[in-house]
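Peer 1: So the sequence lines, in the order shown, correspond to chains A and B. FYI, the numbering for the first sequence is 1 to 385, going by our numbering. FYI, the numbering for the second sequence is 1 to 385, going by our numbering.
Number of protein chains: 2
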Amino acid sequence: MLLIEPQNYDFGPGEENALELDCRKKLYEVTLRYETCGKLNADRSNAVLIEHALSGDAHVTGYHTPEDRKPGWWAEMVGPGKAIDTDRYFVICSNILGGCSGSTGPRSIDPATGKPYNMNFPVITIADMVRAQKRLIDHLGISKLLAVVGGSMGGMQVLQWMIDYPDSVAAAVPIATTAQNSAQNIAFNWVGREAIISDPKFDGGNYDPENPPGKGLSTARMLAHITYLSDETMGRKFGRNLQENDHYAFDFRRDFAVESYLQHQGRRFVERFDANSYCYITRAIDYFDLADRTNGDLAAAFHSAKGKFLVVSFSSDWLFPTKQARALVKALLANHLETNFCEIQSGYGHDAFLLEIDTLGAMVGAFLANTLNEVSSGKQRGAQS
Amino acid sequence: MLLIEPQNYDFGPGEENALELDCRKKLYEVTLRYETCGKLNADRSNAVLIEHALSGDAHVTGYHTPEDRKPGWWAEMVGPGKAIDTDRYFVICSNILGGCSGSTGPRSIDPATGKPYNMNFPVITIADMVRAQKRLIDHLGISKLLAVVGGSMGGMQVLQWMIDYPDSVAAAVPIATTAQNSAQNIAFNWVGREAIISDPKFDGGNYDPENPPGKGLSTARMLAHITYLSDETMGRKFGRNLQENDHYAFDFRRDFAVESYLQHQGRRFVERFDANSYCYITRAIDYFDLADRTNGDLAAAFHSAKGKFLVVSFSSDWLFPTKQARALVKALLANHLETNFCEIQSGYGHDAFLLEIDTLGAMVGAFLANTLNEVSSGKQRGAQS
């Protein structure tokens with residue numbers, strides 16, 4: 001049993017340790033919760049940073065205690081002998097800034113007031129999350145990551161790393177993601193937050209964590225969940241099946257299996273996730289546009305980027321469709337960056353990055369192994385710069 | 001200026017006038033609000049019934065008063081000299097049973113109690129809506145409609161007419177619709193209703209109409225609105241444009257143009273639509289499955305159908321995608337029914353049935369004209385049966 005102990009990295013007090021944010025505010029006494037698996041090699045060249053998605057956390061693989069029944073969220077992908085093989089790589093995964101699973105976020109105590117930030121937490125960006133992670137990587141004594149790997153919002157962080165810290169990463173694996181969050185996704189996030197903010201229990205974000213705005217958060221999660229599945233998966237998995245009755249109940253309680261499933265997903269989410277965090281993280285996703293600093297020119301955004309890329313999309317993902325991956329690939333190629341691209345045929349929709357482990361794992365495993373070989377033999381372009 | 005006067009058809013009191021419903025309950029003293037345009041010809045063969053979608057009403061074309069600034073919802077399609085030419089056809093459109101624009105629905109007074117039904121209104125189906133419409137058509141002295149035409153939920157009613165009253169319609173034009181509502185659509189409707197029902201103002205449906213659960217209804221409408229547009233339209237129309245500021249506001253108020261648009265749509269909807277009605281109508285859509293009576297065999301559902309069909313879908317409609325139209329067409333062809341099918345190339349998504357008037361109008365206009373010619377010359381198969 002792969003036992004993993006979560007760790008905290010505290011940035012420390014005072015102005016000199018403050019984290020500057022894109023919104024021009026600063027965060028003091030930041031903590032990042034992180035987990036590692038595997039061993040850093042002698043020349044510190046085998047570190048792989050995994051980036052989690054919206055509702056993920058630092059617990060990417062293994063178990064916290066021998067009693068744990070559920071392993072980390074990407075346990076099939078990351079571990080000894082897995083595609084991201086912790087016998088070869090030193091894997092790091094940290095809970096994002098703004099999260100609610102150990103890292104500093106809206107639920108944390110504001111050192112200036114001694115009370116939880118709640119909605120006084122500054123609005124953060126994907127670049128802010130990555131800036132905090134860079135501190136952690138520095139703290140771990142790693143000057144150059146072998147790779148940064150992540151799906152969905154994790155993929156956004158991967159791309160941000162390549163632009164903001166081009167000398168600190170050899171290879172990037174952005175999966176089921178985009179370089180510019182779309183209007184449709186902004187719209188879905190808006191509706192989800194409206195459901196949360198309209199819940200009277202939300203109380204401007206000052207709810208008691210023991211009595212959260214569960215209805216609103218559950219509605220937001222159910223909506224988001226629909227966007228993670230494909231029409232095809234939903235049809236195959238649930239179709240028009242009824243949950244309990246032989247025929248329609250002619251009422252408004254859950255009647256269909258798909259309704260029961262969503263209800264279950266919504267309730268489970270409320271037990272483990274913070275409503276304020278949900279608002280902040282979706283806002284960071286809204287604000288994600290790598291071409292923002294280059295006046296809409298996505299190719300220009302990658303002008304200083306180095307290293308190599310493996311871009312992966314899934315055919316039935318309509319949240320981050322393949323056409324967005326192609327736009328990213330085009331921007332990378334315009335900069336003559338070494339770019340591998342694959343659209344994996346899958347019916348699973350956006351969630352495929354968590355489910356198509358065989359296909360995805362083979363591809364990512366080979367890409368990482370090649371990169372490590374290149375880095376070890378000094379061939380890798382980024383390593384020469 | 002085409003002035004139209006809304007009319008009411010009251011089914012009348014007593015058991016003998018009650019409307020039997022699929023849920024085995026009955027509705028008493030039902031009223032249907034309807035509008036007509038054009039003149040019924042001598043042999044009563046030129047009547048076209050238009051079916052409205054979820055949020056539509058009987059006001060399909062023209063103006064109610066000379067001061068009206070906005071015409072009916074399909075005015076570009078229906079009127080003198082338009083595709084559905086009221087110089088040639090007698091057009092009828094009635095507000096659906098369960099609606100909130102003049103026909104009996106949750107907001108109506110229950111004759112048994114003297115109070116509004118609210119959530120004591122029986123759960124209705126598309127077949128119930130059509131059963132009520134049949135009474136209206138009988139009342140108008142029309143034994144056979146030239147055609148039934150409608151998009152989205154209107155198209156569901158079109159198909160239901162062809163199955164339940166095969167001798168009463170010569171031709172059907174189901175547009176942007178399906179024969180079996182999908183799991184994904186059931187899921188979206190569920191989330192929308194959850195937003196409404198969770199709104200404390202909803203109060204189990206017993207809200208004061210002057211103080212409705214506006215937050216919940218607005219959230220439901222905003223969500224639905226996303227599904228009516230395509231990702232492409234949203235990208236072209238709004239992209240990542242900001243509404244007012246030059247750069248991100250770093251807060252949770254509407255920042256993007258698409259957020260502002262949705263907010264506006266949500267607020268406008270609350271002014272004109274009833275929250276209980278929204279719940280009932282979406283439930284009717286959920287329950288729509290023409291293969292339900294034939295154990296899942298869609299072809300068998302059309303076994304007794306007659307007349308001819310023009311099935312239309314739109315390439316970017318992901319709410320009722322073309323593959324669902326193809327499944328319908330396949331079922332029609334299995335019964336050797338005269339079937340015309342066209343997928344119109346359009347970027348407008350589901351809303352295309354309200355926007356692609358040139359292409360759609362040309363097709364529907366020609367189809368209706370041919371049908372009228374056939375009926376007039378006695379060639380139409382249905383007319384001979």
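Where is the CB? At the ideal position from N, CA and C, for every residue including glycine. Quick caveat, the model's predicted, so the values are computed rather than measured.
Should the stretch 131 to 141 of chain B be regarded as contacting the stretch 87 to 95 of chain B, the criterion being three or more beta carbon pairs within less than 8 angstroms?
Peer 2: Yes, the stretch 131 to 141 of chain B touches the stretch 87 to 95 of chain B.
Peer 1: Between which two residues does the beta strand (DSSP E) harbouring B/Thr36 extend?
Peer 2: Here the beta strand (DSSP E) through B/Thr36 covers 31 to 37.
Peer 1: List the residues of chain B that A/Thr219 touches, going by C-beta distances under 8 angstroms, in chain order.
Peer 2: Simply Val191, Glu194, Ala195, Ser198, Thr219.
Peer 1: For B/Tyr117, which three-state DSSP category applies?
Peer 2: Note: B/Tyr117 maps to coil in three-state DSSP.
Peer 1: Hey, how far is the Cα of A/Tyr117 from the Cα of B/Glu232?
Peer 2: Distance between the alpha carbons of A/Tyr117 and B/Glu232: 38 angstroms.
Peer 1: Could you tell me the boundaries of the beta strand (DSSP E) in which A/Gln7 lies?
Peer 2: Residues 7 to 10.
Peer 1: For A/Gln345, which three-state DSSP category applies?
Peer 2: In this structure, A/Gln345 counts as coil in the three-state DSSP scheme.
Peer 1: Can you tell me the Cα-Cα spacing of A/Gln384 and A/Lys134, whole angstroms?
Peer 2: Note that A/Gln384 has pLDDT 44, beneath the 50 cutoff, so the model's placement of it is unreliable and the number below is only indicative. In a straight line, the C-alpha of A/Gln384 is about 21 angstroms away from that of A/Lys134.
Peer 1: Thinking C-beta only, is A/Gln345 closer than 8 angstroms to A/Thr178?
Peer 2: No; because the gap between Cβ atoms is not below 8 angstroms, this pair is not in contact.
Peer 1: Can you find a CB in chain B that lies within less than 8 angstroms of the CB of A/Glu5?
Peer 2: No, because no Cβ of chain B sits closer than 8 angstroms to the Cβ of A/Glu5.
Peer 1: Taking only runs that begin and end inside the stretch 57 to 106 of chain A, name each unbroken alpha helix (DSSP H) of 4 or more residues, in chain order.
Peer 2: Runs found: none.
Peer 1: Could you spell out where the beta strand (DSSP E) holding B/Ala352 opens and where it closes?
Peer 2: B/Ala352 -> not in any beta strand (DSSP E); alpha helix (DSSP H) instead, spanning 352 to 355.
Peer 1: Are any of the Cβ atoms in chain A nearer than 8 angstroms to that of B/Met395?
Peer 2: An answer regarding residue 395 of chain B cannot be provided, because it is not within the stretch 1 to 385 covered by chain B.
Peer 1: Determine which residues share a DSSP beta bridge with B/Lys308 and list them.
Peer 2: B/Ala171, B/Glu338.
Peer 1: Check the Cβ-Cβ distances between B/Cys100 and every residue of chain A, and say whether any is below 8 angstroms.
Peer 2: It does not; no Cβ of chain A falls within 8 angstroms.
Peer 1: In chain B, which residues lie with their C-beta within 7 angstroms of the C-beta of A/Val258?
Peer 2: Ala183, Ile186, Ala187, listed in chain order.
Peer 1: I think B/Ser103 touches B/Thr31, with their Cβ atoms under 8 angstroms apart; what is that distance to the nearest whole Å?
Peer 2: Yes, they are in contact, since the Cβ atoms of B/Ser103 and B/Thr31 sit about 6 angstroms apart, within 8 angstroms.
Peer 1: In terms of residue numbering, what span does the alpha helix (DSSP H) encompassing A/Ile124 cover?
Peer 2: From DSSP, A/Ile124 is part of no alpha helix (DSSP H); its letter is neither H nor E.
Peer 1: Which partner residues of A/Glu51 appear in the DSSP bridge assignment?
Peer 2: Answer is A/Gly150.
Peer 1: Measure how close the beta-carbons of A/Gly216 and A/Ala183 come, nearest whole angstrom, since I'm counting them as under 8 angstroms.
Peer 2: In fact, because the Cβ distance is near 23 angstroms, the residues do not count as touching under 8 angstroms.
Peer 1: Any C-beta of chain B sitting closer than 8 angstroms to the C-beta of A/Cys93?
Peer 2: Not one chain B Cβ lies under 8 angstroms of A/Cys93.
Peer 1: Under a three-way DSSP split, which group does A/Ile142 fall into?
Peer 2: Coil.
Peer 1: Residues in the same chain with beta-carbon distance under 8 angstroms from B/Asn335, minus the five sequence neighbours each way, listed in chain order, please.
Peer 2: Once the five neighbours on either side are set aside, the close Cβ partners of B/Asn335 are Ala299, Phe302, His303, Ala305.
Peer 1: Put B/Ile109 into one of helix, strand or coil per three-state DSSP.
Peer 2: B/Ile109: strand per DSSP, three-state reduction.
Peer 1: Could you tell me the alpha carbon to alpha carbon distance between B/Ser260 and B/Gln243, rounded to whole angstroms?
Peer 2: Approximately 7 angstroms between the Cα atoms of the pair.
Peer 1: With distances taken from CA atoms, which of A/Ala18, A/Pro80, A/Ala172, A/Trp161 is nearest A/Asn370?
Peer 2: Of the listed residues, the one whose Cα sits closest to A/Asn370 is A/Ala172.
Peer 1: Here's a check: name, in chain order, each residue in its chain whose Cβ is nearer than 6 angstroms to the Cβ of B/Phe320, leaving out the five neighbours to either side.
Peer 2: Hits under 6 angstroms: Ala176, Thr177, Thr178.
Peer 1: Under a three-way DSSP split, which group does A/Gln263 fall into?
Peer 2: It is helical.
Peer 1: Go ahead and pull the three-state DSSP assignment for A/Ser198.
Peer 2: A/Ser198 falls in the helix class under three-state DSSP.
Peer 1: Determine, for B/Met156, whether the minimum Cβ-Cβ distance to residues of chain A falls below 8 angstroms.
Peer 2: It does not; no Cβ of chain A falls within 8 angstroms.
Peer 1: Taking DSSP as the reference, what is the three-state secondary structure of B/Gln380?
Peer 2: Caution applies to B/Gln380, whose pLDDT of 49 falls short of 50 and renders its modelled position unreliable; the model cannot decide the point.
Peer 1: Please compile the residues from chain B whose C-beta is within a distance smaller than 9 angstroms of the C-beta of A/Val123.
Peer 2: Going along chain B in sequence order, the residues near A/Val123 (Cβ under 9 angstroms) are Tyr248, Ala249, Phe250, Asp251, Phe252.
Peer 1: Does the Cβ of A/Glu20 have 16 or more other Cβ atoms within 10 Å, making it buried, or fewer, making it exposed?
Peer 2: Label assigned to A/Glu20: exposed.
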